[in-house]
Structures are given as structure tokens and as C-alpha cells.
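Here is the structure we will look at, set down as C-alpha cells.
Number of protein chains: 2
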Amino acid sequence: MAGTRAWHLKSRPSGMPDPGNFELKELALPSLEDGMVRVQNSWLSVDPYMRGRMNDVKSYVPPFEVGAPLQGGAVGKVVESRAPELQPGDTVFHMFGWREQAVGRAEHFTKVPAMHVPDHQWLGNLGLTGATAYFGLLRVAEAKQGDTVFVSAAAGAVGSAVVQIAKAKGMTVVGSAGGEEKCAWLRELGADFALDYRARPIIKQLTEAVPSGIDVYFDNVGGDHLDAALAAARQNARFAICGMIEGYNGGEPPALRYLMRIIGARIMLKGFIYTDYMSEMGDFYRDMGGWMASGAVKARETVQDGIESVPEAFLGLFRGDNIGKMLVRL
Amino acid sequence: MAGTRAWHLKSRPSGMPDPGNFELKELALPSLEDGMVRVQNSWLSVDPYMRGRMNDVKSYVPPFEVGAPLQGGAVGKVVESRAPELQPGDTVFHMFGWREQAVGRAEHFTKVPAMHVPDHQWLGNLGLTGATAYFGLLRVAEAKQGDTVFVSAAAGAVGSAVVQIAKAKGMTVVGSAGGEEKCAWLRELGADFALDYRARPIIKQLTEAVPSGIDVYFDNVGGDHLDAALAAARQNARFAICGMIEGYNGGEPPALRYLMRIIGARIMLKGFIYTDYMSEMGDFYRDMGGWMASGAVKARETVQDGIESVPEAFLGLFRGDNIGKMLVRL
Numbered sequence: 001m002a003g004t005r006a007w008h009l010k011s012r013p014s015g016m017p018d019p020g021n022f023e024l025k026e027l028a029l030p031s032l033e034d035g036m037v038r039v040q041n042s043w044l045s046v047d048p049y050m051r052g053r054m055n056d057v058k059s060y061v062p063p064f065e066v067g068a069p070l071q072g073g074a075v076g077k078v079v080e081s082r083a084p085e086l087q088p089g090d091t092v093f094h095m096f097g098w099r100e101q102a103v104g105r106a107e108h109f110t111k112v113p114a115m116h117v118p119d120h121q122w123l124g125n126l127g128l129t130g131a132t133a134y135f136g137l138l139r140v141a142e143a144k145q146g147d148t149v150f151v152s153a154a155a156g157a158v159g160s161a162v163v164q165i166a167k168a169k170g171m172t173v174v175g176s177a178g179g180e181e182k183c184a185w186l187r188e189l190g191a192d193f194a195l196d197y198r199a200r201p202i203i204k205q206l207t208e209a210v211p212s213g214i215d216v217y218f219d220n221v222g223g224d225h226l227d228a229a230l231a232a233a234r235q236n237a238r239f240a241i242c243g244m245i246e247g248y249n250g251g252e253p254p255a256l257r258y259l260m261r262i263i264g265a266r267i268m269l270k271g272f273i274y275t276d277y278m279s280e281m282g283d284f285y286r287d288m289g290g291w292m293a294s295g296a297v298k299a300r301e302t303v304q305d306g307i308e309s310v311p312e313a314f315l316g317l318f319r320g321d322n323i324g325k326m327l328v329r330l
Numbered sequence: 001m002a003g004t005r006a007w008h009l010k011s012r013p014s015g016m017p018d019p020g021n022f023e024l025k026e027l028a029l030p031s032l033e034d035g036m037v038r039v040q041n042s043w044l045s046v047d048p049y050m051r052g053r054m055n056d057v058k059s060y061v062p063p064f065e066v067g068a069p070l071q072g073g074a075v076g077k078v079v080e081s082r083a084p085e086l087q088p089g090d091t092v093f094h095m096f097g098w099r100e101q102a103v104g105r106a107e108h109f110t111k112v113p114a115m116h117v118p119d120h121q122w123l124g125n126l127g128l129t130g131a132t133a134y135f136g137l138l139r140v141a142e143a144k145q146g147d148t149v150f151v152s153a154a155a156g157a158v159g160s161a162v163v164q165i166a167k168a169k170g171m172t173v174v175g176s177a178g179g180e181e182k183c184a185w186l187r188e189l190g191a192d193f194a195l196d197y198r199a200r201p202i203i204k205q206l207t208e209a210v211p212s213g214i215d216v217y218f219d220n221v222g223g224d225h226l227d228a229a230l231a232a233a234r235q236n237a238r239f240a241i242c243g244m245i246e247g248y249n250g251g252e253p254p255a256l257r258y259l260m261r262i263i264g265a266r267i268m269l270k271g272f273i274y275t276d277y278m279s280e281m282g283d284f285y286r287d288m289g290g291w292m293a294s295g296a297v298k299a300r301e302t303v304q305d306g307i308e309s310v311p312e313a314f315l316g317l318f319r320g321d322n323i324g325k326m327l328v329r330l
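Quick mapping for you: the protein sequence lines, in order, are chains A and B.
For the record, in the first sequence the residue sitting at position 177 is 177 according to the working numbering, with numbers rising by one throughout.
For the record, in the second sequence the residue sitting at position 322 is 322 according to the working numbering, with numbers rising by one throughout.
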């Protein structure tokens with residue numbers, strides 16, 4: 001029975017994780033039986049939502065177990081198959097990441113559509129990142145041409161896709177990010193306003209940038225950003241709540257001074273996960289594929305090399321190390 | 001030119017209002033011209049939302065002006081008319097309350113439907129109170145048979161209507177109120193669980209009462225109650241945000257420990273005002289009229305007598321003095 005190197009959860013983080021919470025060790029892989037495939041991973045995704053699964057709390061996905069291998073988005077190539085629907089050489093997307101090889105039933109691996117894009121895009125704009133941006137902006141928040149849209153963590157993987165989709169659809173876009181380099185990139189992407197939240201309170205910058213307010217808020221951050229969006233919301237504003245990275249590592253719960261505006265301004269807040277919209281993935285591939293082909297949506301990655309770098313890449317998400325999608329290349 | 005006694009805003013409250021913020025004095029009334037009516041008020045409504053208009057902030061209705069007469073819901077009889085659509089003796093609902101007489105253009109006064117109910121009901125279950133409960137529960141939160149509904153301030157005017165509408169529609173109802181007398185009344189109204197929030201933390205009581213969670217939350221309170229509802233929400237729960245009385249008089253903004261559950265549980269929060277649904281008032285009168293005739297929805301009032309008692313009645317809302325609708329009878 002062959003094995004693979006895989007990152008395991010050694011202990012549950014309390015607050016901000018540190019490298020000692022993770023352990024790279026040999027994982028035994030099952031032998032290949034009928035209906036199964038073996039996949040060599042080439043790209044691994046690290047995503048902020050994984051922090052939540054490291055806590056021992058009930059959520060929409062079960063928590064990671066201490067001592068067990070971690071899981072995350074990955075792209076790889078089939079190297080051995082006993083399933084008719086997948087052939088050696090096929091590129092597949094799957095959730096057995098944070099490891100070098102994966103073995104499992106074929107239905108857990110998705111052959112990527114024939115779209116002639118670099119493999120790692122299936123973890124970015126054509127993967128869960130892009131789908132989260134697309135469905136959150138267009139379905140949850142029902143953003144439409146002419147709307148003014150505020151996006152937090154706009155230089156991140158999801159945020160930068162939201163900025164570009166919104167511009168492709170004819171919206172006015174305000175993005176926030178930490179630092180001038182990220183803000184400069186947001187302006188390159190077409191953002192009408194790029195706010196450096198490290199420079200001054202975000203609520204002041206937002207209300208100065210768009211004094212007439214916002215129609216849509218795409219929330220990746222929570223806390224002060226959510227409060228600023230509540231303060232700036234126009235009548236019937238819609239907030240798609242995608243993430244609250246400020247709160248993932250504990251600390252004080254957010255005090256929302258402007259929460260009461262939800263009544264007078266009839267604000268709608270709705271949480272979502274992109275998998276709620278799996279039945280509409282065809283629309284997503286069609287639209288996002290078109291925008292990528294035309295250059296309306298561009299990809300940018302922050303890449304770390306080697307399986308050893310996975311925890312550092314993950315921890316970097318919470319320090320704001322990444323511009324665009326954070327990936328590990330094997 | 002005749003006058004009337006009317007309550008004026010003497011100064012803006014800071015935090016909890018006190019009687020010194022209000023002044024009863026003579027208000028000159030315009031002379032009756034074509035298209036105008038004179039109305040003798042018989043019942044005045046005091047409502048928590050009026051506190052917001054006493055602050056000098058932009059909201060869905062303009063703030064009250066210092067030195068100017070206050071306004072609020074009222075019912076009265078036409079005593080003089082120069083408008084063909086209203087005759088002396090007609091009972092009308094209008095927003096020129098907190099005064100004994102009102103003079104204005106006929107279009108600002110609504111003749112009540114011919115439904116043979118006591119006049120004060122047009123300020124309660126058949127007025128803005130009942131309409132707020134009806135549209136918030138059934139339209140905003142889309143509550144339906146079989147849902148488990150949590151209502152805060154459930155012994156108040158709006159809350160007690162929500163409890164009864166929900167029971168009439170076959171829902172399981174959890175109501176919270178302050179003190180055993182109010183809780184006993186909630187059980188009389190058919191609430192499946194009546195939680196005294198003064199006895200123990202509401203979050204503990206709620207999760208014990210309905211361990212499988214809630215589908216709908218009707219929020220009149222904000223703060224700890226909203227946090228408890230976030231903690232207890234089932235997948236795709238809907239929150240109708242009607243009021244946040246905990247925050248009306250200032251104090252610390254609410255810290256929501258369970259706000260992040262909005263993502264995993266796909267919770268939807270939406271603020272509203274009943275006037276958003278004016279086009280559906282026909283449905284409301286039909287349903288609420290039917291429930292009142294059958295006894296499915298009962299009215300209860302806490303009544304103060306005389307124009308002099310208006311500020312005390314209003315301040316009593318924030319002390320929880322009222323069971324059911326707080327009214328002033330002239």
C-alpha cells in the first residue's frame with residue numbers, strides 16, 4: 001500500500017493559527033479498487049474559510065479532526081484509473097488537497113471543462129473563488145448595471161473577481177484593501193475607488209468616495225467594513241455575506257453602530273456558499289469563460305512552491321500577504 | 001383662528017427621554033379652507049419608532065424639529081368638513097397625533113373601513129401595529145405553516161399580533177417578554193414557549209426551548225435577542241427586522257457573537273416598514289378582520305387617560321410598562 005505526504009491537523013488553533021498546529025506526515029492511501037482513481041496533485045488552494053473547520057463547532061461542513069489529514073481544493077492529473085469516466089492524463093478538480101497524491105472514488109473528482117486555460121485557474125477565477133464572486137454578486141445581492149458596489153478585501157482572490165465582474169456588468173465599484181500596492185492594482189482592474197483601510201477609518205473613506213451611498217456590499221471582512229457599509233447603504237441595499245475574515249481568529253465580536261439602519265433603509269443581508277448555486281454552474285462557466293477570453297476578468301496569483309509551504313501560505317491569508325489568489329504549486 | 005393643545009418637542013433627548021423633553025402648549029390651527037377637515041382626536045398612539053425621530057439624524061422620515069409639534073398615529077371624528085369625501089361624524093385614522101384637534105387637507109385623513117370594531121383598533125391590530133406584524137411575518141420573513149418562529153417583545157403591541165397570526169397560520173411560536181405576567185399572557189395567546197428574558201440569558205432559554213432551532217425571527221429588540229436568534233437559526237432562516245428597542249436610547253452598540261453564522265446557515269436579515277406593503281392592505285384587512293371576528297387574534301391595550309399623560313405613556317414603552325398596545329384616550 002503506497003502512501004503520500006499530507007498535512008495533518010496536529011492541534012486546534014486558539015485564535016491565530018501557527019505552524020505548530022500543522023504536521024506534514026505520511027498518509028497511507030487505499031489500494032485502487034474498481035471505480036477509483038489515483039491523482040497526482042499539481043496545485044493546492046488555501047482559503048480563509050478553512051480556518052472555521054479547524055474549530056470544534058457545528059457548521060455547514062464538519063470540523064477537521066485532530067490527527068487527521070486536512071482537506072482543501074486541489075487540481076491534479078489522473079495517474080491511474082479503475083473508473084471508466086476518468087482516464088490517465090485527465091485534469092481534475094477535487095477537495096483532497098493539502099497532500100501530494102489522492103486516491104478515491106471517481107465521483108469525488110471533477111474533470112475540468114475543455115476550456116484551454118492554465119490548470120491553476122480551476123482553483124481561481126474558474127473555481128470556487130470565481131463562482132463565489134459570481135453568485136454572491138449577481139444572485140445573492142442581485143447587483144445590476146448602474147449599481148454602486150462596495151467590496152471588502154477587494155485585492156484578494158474572491159474580491160478581485162467581484163471587482164472585475166462588477167465592472168464588466170457596468171457597475172460603479174469601490175474596493176478596499178490594505179496598502180498602496182493593492183490599491184494600485186484595484187485601480188488597474190478598473191475599480192472607480194480604491195480605499196486603503198490601513199490609512200484612515202474605512203467608514204470615512206467610503207462615505208467620502210460615494211456620498212450618495214451604495215446599493216450592494218460584498219462582505220469578505222465583517223467588523224468595521226460591515227459597519228461602514230450599513231452606514232452608507234441606500235434604500236433597499238443588498239449585502240452578500242461571503243466571509244468575515246476579521247472574526248475567524250477570535251477576538252472581540254463586532255460592535256455594529258449602524259445596524260439599526262437596516263430598518264429605515266430596508267437593507268437585506270444574506271449569507272451564502274457558492275455550492276448553493278451548483279445547478280447554475282453552466283451560466284458561470286459561460287460568462288466567466290467569456291470575460292477571461294476577452295480580458296475583462298484577469299487572474300493574478302501569489303504562488304508558494306512545494307508541499308512544505310502550505311501552512312505558511314495559509315497563515316499568509318490572515319496577514320494579507322496575497323494579492324489575488326494564494327496558491328501552492330507542487 | 002382656533003387653537004388646540006399639542007405636545008411639542010422642547011429639547012432633543014440624549015439617551016433615555018424624560019418628561020422635560022416635551023411641552024404641552026397651544027398650537028394655532030389653520031382656518032378651514034376648501035378641501036380641508038377638522039378632526040377631534042379620540043385616541044392617540046405612542047410607538048417606539050418615534051424615539052428615532054427625536055434625534056437629529058437622516059432616516060426614513062425626517063426628524064422632529066425642536067419647538068415644533070410632535071406627530072403620531074391617531075383616530076378621531078370629523079367635526080367640520082369642507083371636503084366632499086369626508087362628512088362630519090366620519091371616523092378617520094391619521095398621523096396628526098399627540099394633540100386634541102387636527103386641521104388639514106382631507107387626503108391626509110383616511111376614513112376607516114366599515115368593519116364595526118371599536119375605534120381604537122385602528123391604532124392596534126387593524127392599524128400600523130397589526131399591519132407591521134402581518135407584513136413582517138408573512139411577507140418579509142415569508143413564514144409558513146410548520147415553521148418555528150421566535151418573536152421578541154412578544155407581549156408588546158406588534159409582538160402579540162405576531163404571536164397570534166403565527167398560531168392562526170399553524171406555526172410553532174416562541175415569544176420572549178419581561179416578567180411572569182407577560183409570559184402568562186403569551187401562553188394564553190397560544191405561544192408554545194414563553195421566555196422571561198429577565199430570568200436567565202435569552203440565548204440559553206431559546207436553545208433549550210427549541211433545540212432544533214428556528215426558521216423565522218421577528219425582531220423588535222436587537223442586541224442579545226438578535227444574537228440568540230443568530231445562534232439558534234436553522235438553515236435558510238429568515239429574520240424580519242422591525243425594531244431594535246434596545247438601541248433606541250443609545251448605549252453600547254450590540255456585539256453579535258453569532259453574526260458569522262449568517263454564512264454557514266445562509267440566514268437572511270431584512271429591515272422593513274409596513275408602508276412598504278400599502279398596495280397589499282386589502283389582504284391585510286381581509287385576513288386580520290377574519291381572525292379578529294373568529295377570536296383567533298385578540299386585542300389587549302394598556303390605556304392612559306388624557307392628553308397630559310402622553311409623555312408618560314411614551315416613556316413607559318421603554319420601561320416595558322405596557323401589555324399589548326399602549327394608547328392614550330382623550
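The beta carbon of each residue, even a glycine, is placed where N, CA and C say it ideally should be.
Item, Value
"Kindly list, in the order they appear in chain A, the residues whose Cβ is closer than 8 Å to that of B/Asp-276.", "Arg-266"
"Determine the chain A residues that contact B/Ala-255 at a beta-carbon separation under 8 Å, and present them in chain order.", "Glu-252, Pro-253, Pro-254 and Ala-255"
"DSSP has A/His-116 in a bridge; who is on the other side?", "DSSP output for A/His-116 lists no bridge partner at all."
"Locate the alpha helix (DSSP H) running through A/Ser-160, then write down its first and last residues.", "157-168"
"Could you name the residues of chain B that A/Ile-262 contacts, counting a contact when the two beta carbons are closer than 7 Å?", "Ile-241, Leu-269 and Gly-271"
"Write down the C-beta distance between B/Arg-99 and B/Pro-69 rounded to the nearest angstrom, noting that I regard them as a contact closer than 8 Å.", "6 Å"
"Write down the C-beta distance between A/Tyr-277 and A/Arg-139 rounded to the nearest angstrom, noting that I regard them as a contact closer than 8 Å.", "6 Å"
"In the DSSP assignment, what are the bridge partners of B/Ala-232?", "BP columns for B/Ala-232 are empty, so no partner."
"Which runs of the alpha helix (DSSP H) at least 4 residues long sit entirely within the segment 48-107 of chain B? Give them in chain order.", "50-53"
"Apart from the five residues just before and just after A/Val-303, which ones in its own chain have a Cβ nearer than 7 Å to its Cβ?", "Leu-327 and Arg-329"
"Between which residues of its own chain and A/Met-115 is the CB-CB distance below 8 Å, once the five residues before and five after are set aside?", "Leu-126, Tyr-285 and Gly-289"
"Does DSSP put B/Tyr-258 in a helix, a strand or coil?", "coil"
"A/Gly-213 versus chain B: which residues are under 7 Å apart at the beta carbon?", "What A/Gly-213 touches in chain B: nothing, since even the nearest Cβ is about 11 Å away."
"Looking only at DSSP bridge pairs, what is A/Trp-43 linked to?", "A/Val-75 and A/Arg-329"
"What does a CB cutoff of less than 7 Å around A/Gly-3 pick up in its chain, not counting 5 residues either side in sequence?", "Glu-26, Leu-27, Ala-28 and Leu-29"
"Reducing DSSP to helix, strand and coil, say where B/Gln-338 ends up.", "Residue 338 of chain B is absent from the model: chain B starts at 1 and stops at 330."
"Taking the continuous beta strand (DSSP E) assigned at A/Phe-208, which residues delimit it?", "First, the residue type needs correcting, since residue 208 of chain A is Glu and not Phe in the sequence shown. No beta strand (DSSP E) contains A/Glu-208, which is instead part of the alpha helix (DSSP H) from 202-209."
"Check whether the Cβ atoms of A/Ala-169 and A/Gln-205 sit closer than 8 Å, and answer yes or no.", "The identity of residue 169 of chain A in the sequence shown is Lys, whereas the question assumes Ala. No, Cβ-Cβ distance for A/Lys-169 and A/Gln-205 is not below 8 Å."
"Have a look at B/Phe-272 and B/Asn-220 and give me their C-alpha separation to the nearest angstrom.", "12 Å"
"Output needed for B/Glu-33: all residues of its chain with C-beta closer than 7 Å, excluding positions within five of it in sequence on either side, in chain order.", "Arg-82"
"Tell me which same chain residues have a C-beta within less than 6 Å of the C-beta of A/Asp-224, skipping the five on either side of it?", "Ile-202"
"Which whole-angstrom value describes the C-beta separation of B/Leu-123 and B/Trp-7, a residue pair presumed to lie in contact below a C-beta threshold of 8 Å?", "With a Cβ gap of about 16 Å, B/Leu-123 and B/Trp-7 do not count as contacting."
"Using a Cβ cut-off of 8 Å, which residues of the segment 13-24 of chain B contact any Cβ in chain A, in chain order?", "none"
"For the alpha helix (DSSP H) that contains A/Ser-134, what are its first and last residues?", "In the sequence as presented, Ser is not what sits at residue 134 of chain A; that position holds Tyr. Here the alpha helix (DSSP H) through A/Tyr-134 covers 128-135."
"Quick check: is the beta carbon of B/Met-95 nearer than 8 Å to any beta carbon in chain A?", "no"
"Identify which residue in B/Met-268, B/Asp-215, B/Ile-263 and B/Arg-257 has its Cα closest to the Cα of A/Ile-262.", "B/Met-268"
"Can we say the segment 245-265 of chain A touches the segment 181-200 of chain A, given the rule of at least three CB pairs closer than 8 Å?", "no"
"Along the chain, where does the beta strand (DSSP E) that runs through A/Phe-22 open and close?", "22-28"
"Closest Cβ-Cβ distance between B/Gly-247 and chain A: below 8 Å?", "yes"
"When you compare the CB positions of A/Gly-130 and A/Ala-161, do they come within less than 8 Å of one another, or not?", "yes"
"Answer with yes or no whether the minimum CB distance from A/Met-244 to chain B is below 8 Å.", "yes"
"Could you tell me whether any non-hydrogen atom of the ligand GDP is closer than 7 Å to the CB of B/Pro-62?", "What this structure holds is no ligand at all, so the ligand GDP is not there to describe."
"Are B/Glu-214 and B/Thr-275 close, meaning C-beta to C-beta below 8 Å?", "In the sequence on display, residue 214 of chain B carries Ile and not Glu. Not closer than 8 Å, so no."
"Is the beta carbon of B/Phe-239 closer than 8 Å to that of B/Ala-229?", "yes"
"Tell me which residue opens and which closes the alpha helix (DSSP H) that B/Arg-286 is part of.", "281-294"
"Quick check on the DSSP output: the beta strand (DSSP E) that includes A/Val-151 runs from which residue to which?", "148-151"
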